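*Asks:* Chains as they are written, first to last, in my numbering: chain A, 21 to 471; chain B, 302 to 391. C-beta: ideal position from N, C-alpha, C; glycine also. Remember, predicted model here, so these are calculated numbers, not experimental data. Structure below; questions to follow.
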Amino acid sequence: MDTAQIAETIRMIEGENLDIRTITLGLSLLDCADENGARARQKCFDKITNAAKHLVQVGDAIEREFGIPIVNKRISVTPISFLIAAARNDSPVAFAKMLDAAAREVGVNFIGGYSALVQKGYTKGDEQLIESIPEALSETHVVCSSVNVASTRAGINMNAVAHMGRIIRKTALLTQDRHGFGCAKLVVFANAVEDNPFMAGAFHGVGEADAVINVGVSGPGVVQRAIEQCAGAPFDVLAETIKKTAFKVTRMGQLVGKEASERLGIPFGIVDLSLAPTPAIGDSVAHILEAMGLETVGQHGTTAALALLNDAVKKGGVMACGHVGGLSGAFIPVSEDAGMIRAVENGHLSLAKLEAMTAICSVGLDMIAIPGDTDSATIAAIIADEAAIGVINGKTTAVRIIPAIGKKVGERVELGGLLGTAPVMAVDKGSAKTFIARGGRIPAPIHSFRN
Amino acid sequence: MIRAILTVIGKDRVGIIAGVSVELARLNINILDVSQTIMNDYFTMMMMCDIAQAKESINTIQEKMNVKGDELGVKIMIQREDIFTAMHKL
């Protein structure tokens, strides 16, 4: 019995917010497709509620027995656009409501997969689903939506980018009574991954098995504390310290995933090695960067600090688990991170700097409020920039922004709970209308032709 | 054998080890190893136990130990050993 090790683990959990961020059940709904929409929805509802019947209960039991908090239990499903394509002349929103009802029935706090993959073009189902997103997100509570508009292999579908600019704006308008909450559940991706356990961007890819358990770990507080212990040390020591810490954090994910998989009788998929912040004190990625010696996140040096962090987390985590997947990196959502919020409000962190940060870490411009009068072409241009970073660098990028209707730069949007508080950030005023109106596709980059 | 680690932290006083051990005996939990020290006036004890033959579920065990902890003015946690081995052993 090594008491120092036991004490270390307990300190991480009790004092530094080490937790398992999510156990996500990925579930294929391809076998529920039906040309009769009502019948398809019944099949989906039955399959989800049956497969996830014990998910919350098993998660809670593991939490108690092992003494490690498991914050969320969630479900991701096949992109619903496939089912909408099969069910002719049916209301897509009815599928969103079915997902909402199924999620409530089994007690999970989010269900992802109201999604479409349109990096190269639209099917009829994709078109219908995307058009329905604002209504679907305003009329449901726990359904999350994502649209993949670009990939390194296909380039950037600029028609979809322009479309999503309009959809985000419309979603903000339809949910303005809830501070644009709908937009917090909507992610626009480039290079979306099929096994991401984190919301709002989770969906169950078509290359996946029928059902799978994926786990997302967390632990910014643990990494921050480890870095504080090596004040003044060179970067080599810092990288080594982060690697060791990430290894320990990830081992928790592997243990919990394996245990959940055995108890549920569902194969274990991947561990997502992400550092996911929450609004809680001591659970901030910004504070990790500041612990490295930056006065504030957003200043010069931030990108380098984040690059080291992101890489060291991956190196430490990869050996700690069987299969790595999902997004795996440091998340930098603004509204969910106390340090990011403070840096924006003090004028140190801009949208431009955040964009640079997304070039070297997962995932993208995340949980950022922008002025309510931002037009859809500008939103589309923000998406296009972010997609370009993802496509050229062969990585996942995403945009989850909230047009704060009726609000201006300097005001705040209170989203509540894990979603936190978003300070409204300035966007550039130059018009993107002519640029976005071109439509068509930006071709795939030369280095994508690897065959 | 199902090994669990029991941790007791709190202000030192008479009867902590006695109180905890009696409760464990009542639950038919065998103590395999004990380590105890006083750190900055705080009583810190770790026990490795076998809960395979315990009379109650781990839930109930945790509840009973919580009650005992309140009575003794200490914090008692009991969790499966796997979490520590997973984190620290290759």
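Tell me, please, which residues DSSP counts as bridged to A/LEU45.
*Replies:* Mapped onto the first sequence, residue 45 of chain A falls at position 25. According to DSSP, which records beta bridges pairwise, A/LEU45 is partnered with A/ILE95 and A/ILE233.
*Asks:* Which residues does DSSP pair with A/ARG461 in a beta bridge?
*Replies:* Within the first sequence, residue 461 of chain A is the residue found at index 441, counting from 1. Its beta-bridge partners are A/ASN177.
*Asks:* Report the neighbours of B/ASN360 on chain A: residues whose CB is nearer than 9 Å to its CB, in chain order.
*Replies:* The count along the second sequence starts at 1 and reaches residue 360 of chain B at position 59. Neighbours of B/ASN360 on chain A, chain order: ALA81, ARG84 and GLU85.
*Asks:* If you follow the alpha helix (DSSP H) that A/ALA210 is in, where does it begin and where does it stop?
*Replies:* Here residue 210 of chain A is taken as the residue at index 190 of the first sequence, counted from 1. Going by DSSP, A/ALA210 is part of no alpha helix (DSSP H) but of the beta strand (DSSP E) stretching over 206 to 210.
*Asks:* Helix, strand or coil for A/SER468? Go by DSSP, reduced to three states.
*Replies:* The count along the first sequence starts at 1 and reaches residue 468 of chain A at position 448. In the structure shown, A/SER468 sits in a helix (DSSP, three-state: H, G or I).
*Asks:* Give the secondary structure of A/PHE255 by DSSP, where H, G and I count as helix, E and B as strand, and everything else as coil.
*Replies:* The sequence position of residue 255 of chain A within the first sequence is 235, counting from 1. Three-state result, A/PHE255: helix.
*Asks:* Among the residues of its own chain, which have a CB less than 8 Å from the CB of B/GLU372, if the five just before and after it don't count?
*Replies:* For the purposes of this step, residue 372 of chain B is taken as the residue at position 71 of the second sequence. Closer than 8 Å at Cβ, skipping near neighbours: GLY320.
*Asks:* Against B/THR378, what residues of chain A qualify as contacts under a CB-to-CB distance less than 8 Å, listed in chain order?
*Replies:* For this step, residue 378 of chain B is matched to residue 77 along the second sequence. First, the amino acid is wrong: residue 378 of chain B is Met here, not Thr. Neighbours of B/MET378 on chain A, chain order: ILE30 and GLY87.
*Asks:* To which residues of the same chain is B/GLY370 closer than 7 Å at the C-beta, ignoring the five residues directly before and after it?
*Replies:* The residue labelled residue 370 of chain B in the question sits at position 69 within the second sequence. Closer than 7 Å at Cβ, skipping near neighbours: LYS376 and ILE377.
*Asks:* Report yes if the CB atom of B/MET346 is closer than 8 Å to the CB atom of B/ASP334, and no otherwise.
*Replies:* Sequence index remark: in the second sequence, residue 346 of chain B carries index 45 (1-based). Sequence index remark: in the second sequence, residue 334 of chain B carries index 33 (1-based). Taking 8 Å as the Cβ cut-off, B/MET346 and B/ASP334 do not qualify as a contacting pair.
*Asks:* Measuring CA to CA, which of A/GLU34, A/LYS205 and A/ARG41 is closest to A/THR270?
*Replies:* The count along the first sequence starts at 1 and reaches residue 270 of chain A at position 250. If we check each option's Cα against that of A/THR270, A/ARG41 comes out closest.
*Asks:* Start and end of the beta strand (DSSP E) containing B/CYS350?
*Replies:* Locating residue 350 of chain B in the second sequence gives position 49, counting from the first residue. That run of the beta strand (DSSP E) goes 343 to 351.
*Asks:* Under the three-state reduction of DSSP, which class applies to B/ASP334: helix, strand or coil?
*Replies:* The count along the second sequence starts at 1 and reaches residue 334 of chain B at position 33. DSSP places B/ASP334 in strand when its eight states are reduced to three.
*Asks:* Based on Cα-Cα distance, which residue from A/CYS341, A/ARG186 and A/VAL138 lies nearest to A/VAL237?
*Replies:* Residue mapping note: residue 237 of chain A aligns to position 217 of the first sequence, counting from 1. Nearest C-alpha to A/VAL237: A/CYS341.
*Asks:* DSSP on A/MET387, reduced to helix/strand/coil?
*Replies:* As a first step, residue 387 of chain A must be located in the first sequence, where it is residue number 367. Strand.
*Asks:* Under 8 Å Cβ-Cβ, which residues of chain A neighbour B/SER336?
*Replies:* As a first step, residue 336 of chain B must be located in the second sequence, where it is residue number 35. Correct list: MET21 and THR23.
*Asks:* Any idea if A/THR191 is buried or exposed, counting beta-carbon neighbours within 10 angstroms, 16 or more meaning buried?
*Replies:* Here residue 191 of chain A corresponds to residue number 171 of the first sequence, with the count starting at 1. A/THR191 should be labelled buried.
*Asks:* Quick check on DSSP: helix, strand or coil for B/ARG314?
*Replies:* In the second sequence, counting from the first residue as 1, residue 314 of chain B sits at position 13. B/ARG314: coil per DSSP, three-state reduction.
*Asks:* Go ahead and pull the three-state DSSP assignment for B/LYS390.
*Replies:* Locating residue 390 of chain B in the second sequence gives position 89, where the first residue counts as 1. For B/LYS390, the three-state secondary structure derived from DSSP is coil.
*Asks:* For my contact list, A/HIS224 and A/GLY133 are in at a C-beta cut-off of 8 Å; report their separation, rounded to the angstrom.
*Replies:* Within the first sequence, the letter at position 204 stands for residue 224 of chain A. Within the first sequence, the letter at position 113 stands for residue 133 of chain A. 6 Å between Cβ atoms; contact.
*Asks:* CB-CB under 7 Å to A/HIS161, same chain, minus the five flanking residues each way: which ones, in chain order?
*Replies:* Counting from one through the first sequence, the residue named residue 161 of chain A turns up at place 141. So the list reads ASP120, once near-sequence residues are dropped.
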